[in-house]
Amino acid sequence: MIEKLEPDLDFKRRIMDLDARDLSFCYQCGTCSTVCPISTADNPFPRKEMIWVQWGLKERALANPSIWMCHQCGECSAYCPRDAKPASVMAALRDYSIGHYAAPGFLGAALSEPKYLPLLFALPVAILLAILAGLDRLTALPEGRIVFAKLFPDFYVEALFDIAVGLAIVGALAGGVRYWLALRRGAADGGRDANLGAALAHVIADILRHGKFKRCNEDSVGTRPTHQTHLYKTHLAVFYGFLGLVATTTSVGIGIHFFGYLTPWPLWHPVKILGNVSGTALVAGLAVFLWHRIGEQARAQKSTYTDWLFLIVLLLAVASGFACESLRLAGLAALAYPTYFVHLTLVFFLLVYFPYSKFGHVVYRTAAMLYTQSLLDARSLVAGAPSAAK
Ligand code: SF4
Ligand code: SF4
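Written out as structure tokens, the structure reads:
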């Protein structure tokens, strides 16, 4: 059967606008797919993505797990004989993909355009100001010992962030399901049935180990610099730092609700220590990311607006958390309370917009890894051999 191709040249233009201008230089030699440490014989990439974008084959390029299996090591760009920067094309496809599958779609568009940034920040600022107005705390700072709950009572903070997390989970599930269905529609065999539970366990173990980031370093084919060898350790620090902060926040919530253990907690408390160690790991990892991004601007790979937005807001959120703690300990109420307001604004921004920002990779990469692993498992069942995920 002859398949009718429907090129979308606007799609190609938009991918090129996401710092992937050089993709037209590609002459399909296949070197990139050969050197890629993650690509497999069953599903080689990024050569096919290069031609799909050149031809404007949007649905093929997006409804494919490859763009999220790529872990941005930069090996393909380092060895491309035409300097077509395939790693940048894969990154651009991921950026585009987050907006494409976002639900509601306008939030995906808003997070990718700098002009909407003031509006996106205006929402949490307006909500926090409305809470302060409702509590009649807009015009004067609390007096006496600095306790942030005097400005925003724990009940309001928790209710606000429970709503933000709830909305984010709904948005993440909606986007993830849309992508998953597109993957199944895009598969030649309509997607195969496999034990998703077993595949998910494999994927989670791989994510916790950062197995693919590690493989990018270990299976590098040569000695050309890719500028990305730091990724394994840097992403590990950010990942576990973030998980540590989530565990800290959850523990504080449990402590307040179930044990009446009101904040602020002493610095020597194990939960406080976990929070400070996790925050330090996160800041250190983000600083290394930023350092490399600045260097990459002038080298092989460039960063997009969404890369910068995600990194900077996350860094500011953690840094303002540390600043709140330091200003509270120093007794500087006039600075501590406004900094706490800024901190809450940044954390709300991160939480509620997470499925539509660079953070969305948590959803889409996990879905792509799960889909790929389930295909491998299904094929190995048919062949009667255990799967050998690369
Ligand atoms: S991106 Fe470069 S290495 Fe890959 S197929 Fe095109 S020309 Fe070859
Ligand atoms: S950046 Fe690395 S993982 Fe991604 S396609 Fe290129 S070589 Fe493969």
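For what it's worth, the numbering used here labels the leading residue of the sequence shown as 457, then goes sequentially. Idealized CB from N, CA, C, for every residue including glycine.
- Rounded to the nearest angstrom, the Cβ distance from residue 666 to residue 691 is 6 Å, consistent with a contact under 8 Å.
- Short note on residue 472: C-beta not closer than 6 Å to any heavy atom of ligand 2.
- Taken from the Cβ of residue 543, at least one heavy atom of ligand 2 lies inside 6 Å.
- Residue 570 and residue 761 have their C-alpha atoms spaced approximately 7 Å apart.
- Counting only residues of its own chain and dropping the five nearest sequence neighbours on each side, residue 557 has a CB closer than 6 Å to the CB of 631, 634 and 635.
- Leaving aside the five residues that flank residue 542 on each side, the residues in its chain whose CB is nearer than 8 Å to its CB run, in chain order, 479, 482, 488, 502, 503, 505, 506, 532, 533 and 536.
- Its Cα nearest to that of residue 826, the residue 659 stands out among 836, 700 and 659.
- Straight across, the Cα-Cα distance linking residue 609 with residue 590 is about 12 Å.
- For residue 641, the closest C-alpha among the options 494, 807, 804 and 515 is that of 515.
- Here residue 521 is near residue 824, since their CB atoms are less than 7 Å apart.
- For residue 698, the enclosing alpha helix (DSSP H) begins and ends at 687 to 715.
- Where residue 542 is concerned, the enclosing alpha helix (DSSP H) starts and stops at 542 to 557.
- In this structure, residue 510 has its CB at a distance of at least 6 Å from all heavy atoms of ligand 1.
- Residue 700 has its CB no nearer than 6 Å to any heavy atom of ligand 1.
- DSSP assignment within the segment 773 to 809 yields no whole beta strand (DSSP E) run of 3 residues or more.
- By the Cβ-count criterion, residue 524 is buried, with 16 or more other Cβ atoms from all chains shown falling within 10 Å of its own Cβ.
- The beta carbon of residue 771 is closer than 6 Å to those of 742 in its chain, skipping five residues each way along the sequence.
- When distances are taken from the beta-carbon of residue 503 to the heavy atoms of ligand 1, the shortest one is below 6 Å.
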